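Okay, so here's the structure we're looking at.
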Amino acid sequence: MADDSYKHYIDGKWVAGDGPETFESVNPATGEAIATFQRGTPSDVDRAVDAADEAFEEWRNLSYIDRAEYLWDIYHELRERTDELGEIVTKECGKEISEGTADVVEAYHMVEWAAGNARHPHGDVVPSEIPSKDSYMRRQPRGVIGCITPWNFPVAIPFWHMAIALVEGNTVVWKPAEQTPWCGQIIAEMFDDAGIPDGVFNMVQGYGDAGAAIVEDDRVPTVLFTGSAEVGHEIGDKLGGEAGREVSLEMGGKNGIIITDEADLDVAVHSAVMSSFKTTGQRCVSSERLIVHTDVYDEFKERFVEMAEQVAVDDPLDENTFMGPVVDRGQVEKFHKCNDLARQEGVNVLVDRSELDVSEIPDGHEEGYWVGPFVYETEYSPDLRCIKEEVFGPHVALVEYDGDIEDAVEIHNSVPYGLSGAIVSEDYRQINYYRDHAEVGLAYANLPCIGAEVQLPFGGVKKSGKGSPSAREAIEAVTDRTAWTVNNSKDIEMAQGLSADIKTDED
Ligand code: UN1
Numbered sequence: 020m021a022d023d024s025y026k027h028y029i030d031g032k033w034v035a036g037d038g039p040e041t042f043e044s045v046n047p048a049t050g051e052a053i054a055t056f057q058r059g060t061p062s063d064v065d066r067a068v069d070a071a072d073e074a075f076e077e078w079r080n081l082s083y084i085d086r087a088e089y090l091w092d093i094y095h096e097l098r099e100r101t102d103e104l105g106e107i108v109t110k111e112c113g114k115e116i117s118e119g120t121a122d123v124v125e126a127y128h129m130v131e132w133a134a135g136n137a138r139h140p141h142g143d144v145v146p147s148e149i150p151s152k153d154s155y156m157r158r159q160p161r162g163v164i165g166c167i168t169p170w171n172f173p174v175a176i177p178f179w180h181m182a183i184a185l186v187e188g189n190t191v192v193w194k195p196a197e198q199t200p201w202c203g204q205i206i207a208e209m210f211d212d213a214g215i216p217d218g219v220f221n222m223v224q225g226y227g228d229a230g231a232a233i234v235e236d237d238r239v240p241t242v243l244f245t246g247s248a249e250v251g252h253e254i255g256d257k258l259g260g261e262a263g264r265e266v267s268l269e270m271g272g273k274n275g276i277i278i279t280d281e282a283d284l285d286v287a288v289h290s291a292v293m294s295s296f297k298t299t300g301q302r303c304v305s306s307e308r309l310i311v312h313t314d315v316y317d318e319f320k321e322r323f324v325e326m327a328e329q330v331a332v333d334d335p336l337d338e339n340t341f342m343g344p345v346v347d348r349g350q351v352e353k354f355h356k357c358n359d360l361a362r363q364e365g366v367n368v369l370v371d372r373s374e375l376d377v378s379e380i381p382d383g384h385e386e387g388y389w390v391g392p393f394v395y396e397t398e399y400s401p402d403l404r405c406i407k408e409e410v411f412g413p414h415v416a417l418v419e420y421d422g423d424i425e426d427a428v429e430i431h432n433s434v435p436y437g438l439s440g441a442i443v444s445e446d447y448r449q450i451n452y453y454r455d456h457a458e459v460g461l462a463y464a465n466l467p468c469i470g471a472e473v474q475l476p477f478g479g480v481k482k483s484g485k486g487s488p489s490a491r492e493a494i495e496a497v498t499d500r501t502a503w504t505v506n507n508s509k510d511i512e513m514a515q516g517l518s519a520d521i522k523t524d525e526d
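Residues 20 to 526, numbered by the working numbering, are exactly what the sequence shown covers, in order.
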């Protein structure tokens, strides 16, 4: 073990774990190593699950409000250190500084939601057919919750999962993304500062093998996962077949924006640029398809292309930057491969800043993972892979449509995913048609298709997810409900007119 490497947090202690290997966090803007971390093994995960399992009984017996107190401490620390942490997010995952900071803000919003919820009424009182019976819903925590989180929201998404799991009375084993272990380290330090009881919160740093060990462990009744569709479906397939095990998965999308003949083009261009290029196209909710009515197509195209040529790709710590680098070399390669595929499929390329000119790369950042917008137009065909497969980068297709909103929505829905989408239109009938027929979990009108607030369910349909691992919906995944009925009478009376008389041979 390298002595200066950061460790796992298991059972209230910083531990090196079994593995001989370490890995580095790299600043995507410079290619420089930030810090070294221990790479977790399945046996480290095993120890973390042991600790979480052991701590569960005592933790669940605290009141909601007492559990939430630990989260309030973290809330205050996140607020006090927002700027500092925002900068760390930016240095570790490359998104520009307003986004790095917004990640931390989104994290404390979720902590506020979860901890605040502890003082809200819980459960429903349900009427009974029998006047002497009271029925109501109770929730029980499920136990050890496995949380596997992505690098693009390295502070917010861990709290989507963990704040809720913990306040509901579960314990946690968390694996942060291997690209953003420094954010993981700081979050674990916050739990330590808050004095969370040993074993209630555990973090194992590492790669997919550590994540797989969490999924394999049948002492983990629920896995919350936000990340790629490929991994999410593997987890879903495995846990779906196991009695008593649950998943809540949020994966990617091939999100679209419909710009109708009734669109305000200022709103359309602004929404499209935000949705396609913010976070360098690396949100699950980023848009890679712009479906534009033929009447406004030429003007929209001209204006969108002009912006795509101009958006500032630069040092993410500079507040005038719109797009930072992508997260790592793998993402650069995938982006180029997907652009090549589009070219092979015969699209008409409109903007190609995929290989940035040296003069566009900020000084001292030559080793960073830089790409710029890649925009093309193509006629719609259900067979084209480039308009169906997620890239996770600033790769955008313009697809012209003729006809009514029904035609646009048909194109919009003709992808295997369904996470987020938007319509830009001044006509409420078109908006309502879209609202009722778009196959997505998050939908917007006259807005970008990014930027959901934490109190909304965040999840998709089709290949984009199962459940919503955030806010109220995450509670479903980390608790079991009991429908509880109590009899206030000495007589037993049954519903549905069922006789409660015990008849004997004497009768
Ligand atoms: C993601 O896309 O990976 O809605 C998460 C948004 C953010 C969360 C994005 N609140 O854009």
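Backbone N, C-alpha and C define an ideal beta-carbon position, used for all residues, glycine too. All of these numbers come straight from a predicted model, not from anything done at the bench.
{"Asked": "Considering only residues of the same chain and omitting the five flanking positions on each side of Ala52, which have a CB-CB separation below 6 angstroms?", "Found": "Glu43, Val45"}
{"Asked": "With DSSP collapsed to three states, give me the class of Glu269.", "Found": "strand"}
{"Asked": "Return yes when the C-beta of Gly470 is under 7 angstroms from any heavy atom of the ligand UN1, and no when it is not.", "Found": "yes"}
{"Asked": "In terms of alpha-carbon separation, which member of Lys152, Val186, Gly391, Ile205 lies closest to Asp510?", "Found": "Lys152"}
{"Asked": "State yes or no: is the C-beta of Phe220 within less than 8 angstroms of the C-beta of Val191?", "Found": "yes"}
{"Asked": "Kindly list the residues whose CB is nearer than 8 angstroms to the CB of Val288, restricted to its own chain and excluding five residues on each side of it in sequence; keep chain order.", "Found": "Phe319, Arg322, Phe323, Met326"}
{"Asked": "Just to confirm, are Gly259 and Leu268 a CB contact at a threshold of 8 angstroms?", "Found": "no"}
{"Asked": "Can you tell me which residues form a DSSP beta bridge with Asn136?", "Found": "Partner(s): none; Asn136 has no beta bridge."}
{"Asked": "Please tell me whether Arg312 and Asp285 are closer than 8 angstroms, where the distance is taken between their beta carbons.", "Found": "This sequence places His at residue 312; Arg is not what is there. No, these two residues do not count as a Cβ contact at 8 angstroms."}
{"Asked": "Nearest CA to the CA of Ile183: which residue from Leu517, Ala519, Pro476?", "Found": "Pro476"}
{"Asked": "Skipping 5 residues on each side, what residues in its chain have a beta carbon closer than 7 angstroms to that of Ile406?", "Found": "Arg308, Thr397, Ala416, Val418"}
{"Asked": "Is Val443 near Val459, with beta carbons less than 8 angstroms apart?", "Found": "no"}
{"Asked": "Given a threshold of 16 other Cβ atoms within 10 Å of its Cβ, counted over all protein chains shown, does Ala21 qualify as buried or as exposed?", "Found": "Note on Ala21: pLDDT 48, under 50, position unreliable in the model; no value is reported."}
{"Asked": "Apart from the five residues just before and just after Ala207, which ones in its own chain have a Cβ nearer than 7 angstroms to its Cβ?", "Found": "Tyr28, Met222"}
{"Asked": "Residue range of the alpha helix (DSSP H) that Tyr316 falls in?", "Found": "313-329"}
{"Asked": "What is the residue span of the beta strand (DSSP E) that Leu438 lies within?", "Found": "Note, Leu438: premise wrong, no beta strand (DSSP E); not H, not E."}
{"Asked": "Would you say the beta carbon of Glu492 comes nearer than 7 angstroms to a heavy atom of the ligand UN1?", "Found": "no"}
{"Asked": "Name, in chain order, the residues that DSSP records as bridge partners for Asp359.", "Found": "The partner list for Asp359 (beta bridge, DSSP) is empty, contrary to what the question assumes."}
{"Asked": "Short of 6 angstroms in beta carbon distance, which residues of its chain neighbour Glu261, apart from the five on each side in sequence? Order them along the chain.", "Found": "none"}
{"Asked": "Shorter than 7 angstroms, the distance from the beta carbon of Glu111 to the closest heavy atom of the ligand UN1, or not?", "Found": "no"}
{"Asked": "If you compare alpha carbons, which of Ser378, Glu148, Asp63, Val144 is closest to Ser154?", "Found": "Val144"}
{"Asked": "Find out if the Cβ-Cβ distance for the pair Pro344, Gly113 is shorter than 8 angstroms.", "Found": "yes"}
{"Asked": "If we ignore side chains and look at the alpha-carbon of each, how far apart do Gly165 and Asp314 end up?", "Found": "50 angstroms"}
{"Asked": "Return the chain-ordered ranges of every beta strand (DSSP E) run that is complete within the stretch 143-168 and spans a minimum of 3 residues.", "Found": "152-160, 163-167"}
{"Asked": "Taking 7 angstroms as the cut-off, is the C-beta of Glu125 nearer than that to any heavy atom in the ligand UN1?", "Found": "yes"}
{"Asked": "From Val34 to Lys26, what distance separates their C-alpha atoms?", "Found": "5 angstroms"}
{"Asked": "Flag Val345 as yes when its Cβ comes closer than 7 angstroms to any non-hydrogen atom of the ligand UN1, and as no otherwise.", "Found": "no"}
{"Asked": "Does the beta-carbon of Asn171, which I'm using as the reference point, lie nearer than 7 angstroms to any heavy atom of the ligand UN1?", "Found": "yes"}
{"Asked": "By DSSP's criteria, Val480 is part of a beta bridge. Which residues make up the other side?", "Found": "Gly437"}
{"Asked": "Would the C-beta of Val304 count as close to the ligand ZN, meaning under 7 angstroms from any of its heavy atoms?", "Found": "Absence of the ligand ZN from the depicted structure is noted, with the ligand UN1 being the only ligands included."}
{"Asked": "Roughly how many angstroms lie between the CA atoms of Asp283 and Tyr316, to the nearest whole one?", "Found": "12 angstroms"}
{"Asked": "Can you give me the C-alpha to C-alpha distance between Val473 and Trp132, rounded to a whole angstrom?", "Found": "8 angstroms"}
{"Asked": "Taking Glu88 as the reference, which of Gly188, Val174, Ala175, Trp201 has the closest Cα?", "Found": "Gly188"}
{"Asked": "What are the uninterrupted segments assigned as beta strand (DSSP E) that are 3 or more residues long and contained completely in the stretch 386-420, given in chain order?", "Found": "393-397, 414-420"}
{"Asked": "Which first and last residues belong to the alpha helix (DSSP H) in which Asn451 is found?", "Found": "447-456"}
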